[in-house]
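Undergrad:
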Amino acid sequence: MGNPKVASRLTFRASWSLIMIIGIDVTSALTQGGGIGRYTRELVQALATVDEQNSYRLFSAKPPVQLPVPEPLPQTKNFNHQPAPLDERWLYRLWYRLRLPLPVQWVTGQLDLFHSPDFVLPPVNGRIPTLLTVHDLSFVHYPHVFPAQLVSYLNQVVPWSIGRATHILADSEATRQDLLKIWQVPDDKVTVLYSGVHERFQPVADVGMVTAVRQKYHLQNFPYILSVGTLQPRKNYQMLIRAFAPLADNLPHHLVISGGKGWLYDEMLAEVERQGLTGRVHFIGFVDDADLPTLYSAADLFVFPSLYEGFGLPLLEAMGCGTAVLTSNSSSLPEVAGAAAHQLAPQDQPAWTATMQQLLTNHALRAQMVQAGQAQARHFSWQKSAEQLLAIYQRLLTTP
């Protein structure tokens with residue numbers, strides 16, 4: 045009878061009659077390990093599995109010598125990487141500070157459509173449709189948790205890019221509503237495109253793999269609570285560290301925070317010393333994509349106290365790996381977590397302490413959350429996201 049998934053995919057491909065030349069800015073995929081870098085990598089890789097017909101020209105600034113992950117881009121005949129001779133810093137100066145009208149086709153050649161998945165849209169030549177992904181408006185809601193220069197820059201260049209784009213993608217309905225209310229973007233100009241969860245985010249029970257990952261990140265054999273995200277104030281780690289402090293007196297758990305250094309993170313590092321938690325809180329830096337499922341699986345609890353998120357992919361990754369989740373009830377996070385996670389106000393420190401205590405000691409409740417979380421994660425897939433994106437490309441090209 046054959047594979048129904050393959051048959052469905054072939055039917056989907058066969059419905060296309062127009063050969064498109066699509067440009068996508070993949071700079072973030074080559075420069076950022078997590079966040080938007082992962083979003084771009086996963087989405088482009090998924091596009092390569094659902095579309096063998098159209099031609100993709102993957103534009104980027106000059107790549108760094110060391111890439112954040114091995115083979116970040118598809119290795120298929122219809123996906124071609126075309127890097128610029130200038131690095132990201134120089135392109136940003138030319139395009140977004142000086143606003144020189146040097147079109148992206150200078151590197152890519154002829155295009156039918158161009159998609160920028162990272163907030164800003166470079167100049168394009170001709171009247172081709174353009175698609176821009178805006179992940180969140182955290183810099184508008186919480187400007188004090190960003191460097192002032194970055195906030196000023198984003199408040200200029202993001203609205204400018206939105207005004208020039210044919211259509212906007214938002215990571216969530218929460219971000220879509222922000223765009224409509226804060227910047228009065230027309231309702232029909234914004235579509236929600238959810239992220240997916242890669243199939244590798246499954247429970248890891250192999251003792252050897254768990255031991256190897258623990259050794260790699262110096263986690264020994266203690267039980268731990270995990271949080272994942274770039275070290276920056278928006279992630280609300282200082283509150284989490286304070287909320288964890290009372291638990292350290294009566295539970296054996298450690299707090300493990302995974303994420304590269306972002307900005308304004310000195311205070312969260314100092315908070316560990318102020319709370320007397322040296323040796324009980326571990327900042328392990330950026331974790332290789334291949335190690336993340338094991339790191340999630342070995343945690344007794346995943347916590348995500350962020351003040352604001354455009355989507356919150358780590359929630360679903362943790363759920364897919366069979367880990368109970370406690371998250372903020374802010375921005376898009378209730379939309380993503382559904383009823384599968386406990387949700388708290390991000391600044392209610394006593395509630396975070398009490399709920400972490402409850403979830404770590406009530407094994408039956410945690411088992412229920414694990415089951416609900418795995419079901420929730422299955423609602424999101426990168427293939428579904430890629431198929432929706434492909435349909436949007438087609439609509440933009442066929443709309444007068």
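First residue of the sequence shown? That's 45 in my numbering, and the numbers climb one at a time after it.
The beta carbon of each residue, even a glycine, is placed where N, CA and C say it ideally should be.
(1) From the DSSP output, read off the bridge partner residues of Leu299.
(2) Going by DSSP, what residues sit across from His159 in a beta bridge?
(3) Mark Ser216 as exposed unless 16 or more other C-beta atoms lie within 10 angstroms of its C-beta, in which case mark it buried.
(4) Could you check which residue in Leu224, His211, Ala334 and Phe424 has the C-alpha nearest to that of Gly77?
(5) Within this structure, are the beta carbons of Thr84 and Pro161 separated by less than 8 angstroms?
(6) Quick one: is Lys279 buried, meaning 16 or more other Cβ sit within 10 Å of its Cβ, or exposed?
(7) Can you tell me the Cα-Cα spacing of His297 and Asp222, whole angstroms?
(8) Looking at the structure shown, is Asn199 part of a helix, part of a strand, or coil, going by DSSP?
(9) Is DSSP giving Gln119 helix, strand or coil here?
(10) Would you report the Cα separation of Arg410 and Phe348, rounded to the nearest angstrom?
(11) What three-state label does DSSP hand Arg143 in the structure shown?
(12) Pick helix, strand or coil for Ile63, following the three-state DSSP scheme.
(13) Should Gly320 go down as buried or exposed, given a rule of 16 or more other Cβ atoms within 10 Å for buried?
(14) Judging by CA-CA distance, which residue of Thr71, Ser425, Ile301 and Gln427 is the nearest neighbour of Leu336?
(15) Comparing C-alpha positions only, which one of Val109, Gly306, Asn265 and Asp293 sits nearest to Tyr281?
(16) Taking its Cβ as the centre, do 16 or more other Cβ atoms sit within 10 Å of Gln259, making it buried, or is it exposed?
(17) In this structure, does DSSP put Gln438 in helix, strand or coil?
(18) Can you tell me where the alpha helix (DSSP H) with Arg82 in it begins and where it stops?
(19) Hey, quick one: how far does the beta strand (DSSP E) through Gln387 stretch, first residue to last?
(20) Report yes if the C-beta distance between Pro118 and Val151 is below 8 angstroms; otherwise report no.
(21) Let me know if Gly366 comes out buried or exposed under the rule of 16 or more other beta-carbons within 10 Å of its beta-carbon.
(22) Rank Phe190, Tyr136 and Asn169 by C-alpha distance to the C-alpha of Thr274 and give the top, closest one.
(23) Pick helix, strand or coil for Ser239, following the three-state DSSP scheme.
(24) Give me the DSSP bridge partner(s) of Ser99.
(25) By how many angstroms is the C-alpha of Thr93 removed from the C-alpha of Leu54?
(26) CB-CB under 8 angstroms to Leu130, same chain, minus the five flanking residues each way: which ones, in chain order?
(27) For Tyr309, which residues in the same chain have their Cβ closer than 7 angstroms to its Cβ, ignoring the five residues on either side in sequence?
(28) Can you tell me which of the three DSSP states Thr152 falls into?
(29) When the Cα of Ile66 is compared with those of Trp134, Gln154 and Pro147, which residue comes out closest?
(30) Looking at Ala27: is its Cβ nearer than 8 angstroms to the Cβ of Met400?
(31) What residue range is occupied by the uninterrupted alpha helix (DSSP H) comprising Ser374?
(32) May I ask you to report which of helix, strand or coil DSSP gives Leu275?
(33) Closest to His407 by CA distance: which of Phe355, Gln193 and Leu345 is it?
(34) Going straight from the alpha carbon of Trp396 to that of Ser271, what length do you get?
(35) Let's see if you can read the secondary structure: which residues bound the alpha helix (DSSP H) around Val347?
(36) Please work out which residues of its chain come closer than 6 angstroms, Cβ to Cβ, to Ala249, disregarding the five sequence neighbours upstream and downstream, and give them in chain order.
TA: In short:
(1) Residue numbering aside, residue 299 sits at position 255 when the sequence shown is read from its first letter. Looking at the DSSP output, Leu299 bridges to Ile269 and Val325.
(2) Position 115 of the sequence shown, counted from the first residue, corresponds to residue 159. DSSP output for His159 lists Ile68 and Leu175 as bridge partner(s).
(3) Counting from 1 along the sequence shown, the entry for residue 216 is found at position 172. Flag for Ser216 reads buried.
(4) The residue you call residue 77 lines up with position 33 of the sequence shown. For the residues Leu224, His211, Ala334 and Phe424, the minimum Cα distance to Gly77 belongs to Ala334.
(5) Sequence index remark: in the sequence shown, residue 84 carries index 40 (1-based). Sequence index remark: in the sequence shown, residue 161 carries index 117 (1-based). In contact: Thr84 and Pro161 (Cβ atoms closer than 8 angstroms).
(6) Stepping through the sequence shown from its first residue, residue 279 is reached at position 235. Looking at its Cβ environment, which holds 16 or more other Cβ atoms inside 10 Å, Lys279 is buried.
(7) On the sequence shown, position 253 is the one that residue 297 refers to. On the sequence shown, position 178 is the one that residue 222 refers to. So the alpha carbons of these two residues sit roughly 38 angstroms apart.
(8) Numbered from its first residue, the sequence shown carries residue 199 at position 155. In the structure shown, Asn199 sits in a helix (DSSP, three-state: H, G or I).
(9) If you number the sequence shown from 1, residue 119 lands on position 75. Reduced to three states, the DSSP call for Gln119 is coil.
(10) Numbered from 1 along the sequence shown, position 366 holds the residue referred to as residue 410. Numbered from 1 along the sequence shown, position 304 holds the residue referred to as residue 348. Rounded to whole angstroms, Arg410 to Phe348 spans 16 angstroms at the Cα level.
(11) One-based indexing of the sequence shown puts residue 143 at position 99. In this structure, Arg143 counts as coil in the three-state DSSP scheme.
(12) For this step, residue 63 is matched to residue 19 along the sequence shown. Of the three classes helix, strand and coil, the one that applies to Ile63 here is coil, per DSSP.
(13) Position 276 of the sequence shown, counting from 1, holds the residue named residue 320. So Gly320 ends up on the exposed side.
(14) Indexing the sequence shown from 1 puts residue 336 at position 292. Residue Ile301 holds the alpha-carbon nearest to the alpha-carbon of Leu336 among Thr71, Ser425, Ile301 and Gln427.
(15) The residue you call residue 281 lines up with position 237 of the sequence shown. If we check each option's Cα against that of Tyr281, Gly306 comes out closest.
(16) Walking along the sequence shown from the start, residue 259 turns up at place 215. Label assigned to Gln259: exposed.
(17) Counting from one through the sequence shown, the residue named residue 438 turns up at place 394. In this structure, Gln438 counts as helix in the three-state DSSP scheme.
(18) What you label residue 82 is simply residue 38 of the sequence shown in a count that begins at 1. Ile80 to Val94 is the span of the alpha helix (DSSP H), which, as asked, contains Arg82.
(19) Translated into positions along the sequence shown, residue 387 becomes position 343. Unbroken beta strand (DSSP E) run through Gln387: His386 to Leu388.
(20) To locate residue 118, count along the sequence shown from 1; it is residue 74. To locate residue 151, count along the sequence shown from 1; it is residue 107. No, Cβ-Cβ distance for Pro118 and Val151 is not below 8 angstroms.
(21) Here the question's residue 366 lines up with position 322 in the sequence shown. Gly366 should be labelled buried.
(22) One-based indexing of the sequence shown puts residue 274 at position 230. Of the candidates Phe190, Tyr136 and Asn169, the one whose C-alpha sits nearest the C-alpha of Thr274 is Phe190.
(23) Within the sequence shown, numbered from 1, the residue matching residue 239 stands at position 195. Reduced to three states, the DSSP call for Ser239 is coil.
(24) Indexing the sequence shown from 1 puts residue 99 at position 55. Its beta-bridge partners are Ile65.
(25) Mapped onto the sequence shown, residue 54 falls at position 10. Mapped onto the sequence shown, residue 93 falls at position 49. Here Leu54 scores only 34 on pLDDT, less than 50, and its place in the model is too uncertain to base an answer on.
(26) Looking up residue 130 in the sequence shown gives position 86. Same-chain partners within the cutoff: Ala105, Lys106 and Leu138.
(27) Along the sequence shown, one-based indexing puts residue 309 at 265. Around Tyr309: Leu275 and Gln276.
(28) Here residue 152 refers to the residue found at position 108 of the sequence shown. Looking at Thr152 - three-state DSSP - the assignment turns out to be helix.
(29) Within the sequence shown, residue 66 is the residue found at index 22, counting from 1. When each option's Cα is compared against that of Ile66, the closest is Gln154.
(30) The structure shown does not extend to residue 27, since the chain is modelled only from 45 through 444, so no value can be given for it.
(31) As a first step, residue 374 must be located in the sequence shown, where it is residue number 330. Per DSSP, Ser374 belongs to no alpha helix (DSSP H) and is neither H nor E.
(32) Here residue 275 corresponds to residue number 231 of the sequence shown, with the count starting at 1. Here Leu275 sits in strand by DSSP.
(33) Locating residue 407 in the sequence shown gives position 363, where the first residue counts as 1. Considering only alpha carbons, the answer is Leu345.
(34) In the sequence shown, the residue the question calls residue 396 occupies position 352. In the sequence shown, the residue the question calls residue 271 occupies position 227. The alpha-carbon atoms of Trp396 and Ser271 are separated by roughly 13 angstroms.
(35) Taking the first residue of the sequence shown as 1, we reach residue 347 at position 303. Here Val347 belongs to no alpha helix (DSSP H); instead the beta strand (DSSP E) covers Leu345 to Phe348.
(36) For this step, residue 249 is matched to residue 205 along the sequence shown. Excluding positions up to five away in sequence, the list is empty.
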